[in-house]
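J.:
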Amino acid sequence: MKVGVGRIVVGALLLASPAAAQPVNLPCGGTVVVENESSQLGSNLWLVYTVRTAVPPNICVFSVATEAHVAGKLDSGLYREGTWSATAQRQVPVDYAGLWTTLGSHWFWAFLPFSRQLFAAGLTQSTAMVIAYNSPSKDCADLGADYYWDGFQCVYTPGSPILIDVGGKGYKLTSVEEGVLFDIDGDGQAEQIAWTQADADNAFLAFDRNANGRIDDGTELFGSYTPTHPGGDMRLTSPNGFEALRFIESPFYGALTPSDGVIDARDAMFARLVLWTDRNHNGISEPEELCSLSDAGIVSIATDYKTVGRRDRYGNEFRQKGRLTWADGEVAPVYDVWFAVRR
Numbered sequence: 134m135k136v137g138v139g140r141i142v143v144g145a146l147l148l149a150s151p152a153a154a155q156p157v158n159l160p161c162g163g164t165v166v167v168e169n170e171s172s173q174l175g176s177n178l179w180l181v182y183t184v185r186t187a188v189p190p191n192i193c194v195f196s197v198a199t200e201a202h203v204a205g206k207l208d209s210g211l212y213r214e215g216t217w218s219a220t221a222q223r224q225v226p227v228d229y230a231g232l233w234t235t236l237g238s239h240w241f242w243a244f245l246p247f248s249r250q251l252f253a254a255g256l257t258q259s260t261a262m263v264i265a266y267n268s269p270s271k272d273c274a275d276l277g278a279d280y281y282w283d284g285f286q287c288v289y290t291p292g293s294p295i296l297i298d299v300g301g302k303g304y305k306l307t308s309v310e311e312g313v314l315f316d317i318d319g320d321g322q323a324e325q326i327a328w329t330q331a332d333a334d335n336a337f338l339a340f341d342r343n344a345n346g347r348i349d350d351g352t353e354l355f356g357s358y359t360p361t362h363p364g365g366d367m368r369l370t371s372p373n374g375f376e377a378l379r380f381i382e383s384p385f386y387g388a389l390t391p392s393d394g395v396i397d398a399r400d401a402m403f404a405r406l407v408l409w410t411d412r413n414h415n416g417i418s419e420p421e422e423l424c425s426l427s428d429a430g431i432v433s434i435a436t437d438y439k440t441v442g443r444r445d446r447y448g449n450e451f452r453q454k455g456r457l458t459w460a461d462g463e464v465a466p467v468y469d470v471w472f473a474v475r476r
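Whatever position you read off the sequence shown (first residue = 1), add 133 for our numbering.
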């Protein structure tokens, strides 16, 4: 998202099942179609949703966007953009059998005389009935929100933050025992968690959401516990830090133009992002440990990523890999790190 001249035009709001969803008229003719479908996936406690915004090829619409999440379910949010079609599709492990509702938000951007405008194309919902069977996935779900069944085994996912190697000397992490107490999941209780070493020049990408001058917990980092919306339900999160970062370029954060997949100084939110280097290794952010991205020499962070399987000797997992650009033009890798946590 780049800051530009524009305004938001709110179109008809739709709250409907897929069969009842109605198209919204485009300013240059034609309609925008919004779709929302969800169903149980297989015989386990999983559902799959497909939420789509689409327009026919035309001369005025230059981008569309879709946001989707399962109501009340952690790590279920996605945000996608495209030229004439944007589809958010995800398989989501759910916590129990019953009805689960997938909510969708839809937008499009159009050229109008003397301006570019963002239009709200509506809200949609669909409902999936998930039936319980006696299966390992149900036993896994019963362990709590930090566990999910990947189709083969019960995976423990305590949470992650995006971590940046500011010094360029590599990532220096600890074991759980040599880590710190930090509330990674934002539930008000600090966990004993592996961490960065005291002498490491490794920094957490962060956003002081409540503007109290410190990083309180994992909801103010960029990871699996980052709220996708700037306000409201804190349970609406994304599956990893890079997916959470994509929401920074969404209309939820005031974007008036389509995203370009890069967070930089042209984005309004760039100036509000900070790096936290826990130099004294106490799990508490202090004013002198926080600095802006610009002061650290970072000019941009890409929101695209790939899944990797790197793991250190302490069990810390580097699961997602992205990239950033320094002021001197150097491009460097950046990781979403899943720290080992004492269970």
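Built from N, CA and C at the ideal position, the CB exists for glycine as well. None of the values given here were measured: they were computed from a predicted structure.
V188 to G163, Cα distance in whole Å?
T.: Taking the straight line from one Cα to the other gives about 8 Å.
J.: Provide the residue span of the beta strand (DSSP E) that contains P226, from first to last.
T.: P226 -> beta strand (DSSP E) spans 218 to 226.
J.: Under three-state DSSP, which class holds C273?
T.: Helix.
J.: With H, G and I counted as helix, E and B as strand and the rest as coil, what does DSSP make of D428?
T.: Helix, per DSSP.
J.: By DSSP's criteria, Q325 is part of a beta bridge. Which residues make up the other side?
T.: According to DSSP, which records beta bridges pairwise, Q325 is partnered with L314.
J.: What residues in its chain sit with their C-beta under 8 Å from that of V142, if we drop five residues either side in the sequence?
T.: Reliability fails at V142, whose pLDDT of 40 lies under 50, so the model's placement of it is uncertain and the value that follows must be treated cautiously. Excluding positions up to five away in sequence, the list reads Q250, L251, F252, A253.
J.: Would you identify the three-state DSSP class for I381, choosing helix, strand or coil?
T.: Helix at I381.
J.: Measure the Cβ-Cβ separation of L256 and S238 and say whether it is below 8 Å.
T.: Yes. Within cutoff.
J.: Could you check what DSSP says for E450 in three-state terms: helix, strand or coil?
T.: Here E450 sits in strand by DSSP.
J.: Per DSSP, what kind of secondary structure is P189 in: helix, strand or coil?
T.: Three-state result, P189: coil.
J.: Spatial neighbours of Y386 within its chain, please: CB distance less than 7 Å, with the 5 preceding and 5 following residues excluded, ordered by chain position.
T.: Excluding sequence neighbours, Y386 sits near P363, F380, M402.
J.: If I measure Cβ to Cβ from S383 and keep anything under 6 Å in the same chain, skipping five residues before and after, which residues do I get?
T.: For S383, where only same-chain residues beyond five positions count, the Cβ hits under 6 Å are Y212.
J.: Verify whether the separation of the beta carbon atoms of G205 and P294 is less than 8 Å.
T.: In this structure, P294 does not lie closer than 8 Å to G205 by Cβ.
J.: Pick out whichever of T199, W233, T234, P226 has its Cα sitting closest to the Cα of A219.
T.: The residue with the shortest Cα to Cα distance from A219 is T199.
J.: Taking contact to mean at least 3 C-beta pairs separated by less than 8 Å, is the stretch 338 to 355 in contact with the stretch 172 to 192?
T.: The stretch 338 to 355 vs the stretch 172 to 192: no contact.
J.: What number of angstroms, rounded off, separates the C-alpha of G312 from the C-alpha of S425?
T.: Looking at the two C-alpha atoms, the distance is approximately 25 Å.
J.: Which two residues bound the contiguous beta strand (DSSP E) that contains V407?
T.: Where V407 is concerned, the enclosing beta strand (DSSP E) stretches over 406 to 409.
J.: Does the stretch 396 to 411 come within contact of the stretch 320 to 327, defined as at least 3 CB pairs closer than 8 Å?
T.: The stretch 396 to 411, when compared against the stretch 320 to 327, does not touch it at the 8 Å Cβ threshold.
J.: Taking only the alpha-carbon atoms, compute the straight-line gap between G215 and E310 and give it to the nearest angstrom.
T.: The straight-line gap from Cα to Cα measures roughly 45 Å.
J.: In its own chain, which residues sit with a C-beta less than 7 Å from the C-beta of T307, not counting the 5 before and 5 after it?
T.: Around T307: A327, W328, Q330, Y447.
J.: Starting from the Cα of D350, find the closest Cα among P190, G301, S418, S209 and give me that residue.
T.: With distances taken between Cα atoms, D350 lies closest to S418.
J.: Taking only three categories from DSSP, how would you classify G319?
T.: Coil, per DSSP.
J.: With distances taken Cα to Cα, identify the nearest neighbour of F241 among D208, V227, T390, G319.
T.: Checking every option, the nearest Cα to that of F241 belongs to T390.
J.: With DSSP as the reference, identify every bridge partner of H202, one or two as the case may be.
T.: In DSSP, H202 forms a bridge with L236.
J.: Here's the rule I'm using: 16 or more other beta-carbon atoms within 10 Å means buried, otherwise exposed. How should P420 be labelled?
T.: Exposed: under 16 other Cβ atoms inside 10 Å.
J.: Kindly indicate which three-state DSSP category Y386 falls into: helix, strand or coil?
T.: Y386: helix per DSSP, three-state reduction.
J.: DSSP on T361, reduced to helix/strand/coil?
T.: Correct three-state label for T361: coil.
J.: Helix, strand or coil for E463? Go by DSSP, reduced to three states.
T.: Coil at E463, not helix or strand.
J.: Using a Cβ-Cβ cut-off of 8 Å (strictly less than) and excluding sequence neighbours within five positions of L296, which residues of its own chain qualify?
T.: Excluding residues within five positions, the ones whose Cβ falls inside 8 Å are Y304, T329, N335, A336, F337, L338, V467, Y468, D469, V470.
J.: Output yes if chain B places a C-beta closer than 8 Å to the C-beta of D341; else output no.
T.: The structure shown contains no chain B; it is built from a single protein chain.
J.: Need the endpoints of the beta strand (DSSP E) that N345 sits in, please.
T.: N345 -> no beta strand (DSSP E), and no H or E assigned at all.
J.: What do you get for R185, buried or exposed, if any count of 16 or more other CB atoms within 10 angstroms of its CB means buried?
T.: Classification for R185: buried.
J.: Looking at the structure shown, is T307 part of a helix, part of a strand, or coil, going by DSSP?
T.: T307 falls in the coil class under three-state DSSP.
J.: Just to confirm my understanding: we take V474, look at its own chain, exclude 5 residues before and 5 after, and list those with CB closer than 6 Å. What are they?
T.: P291, E324, I326.
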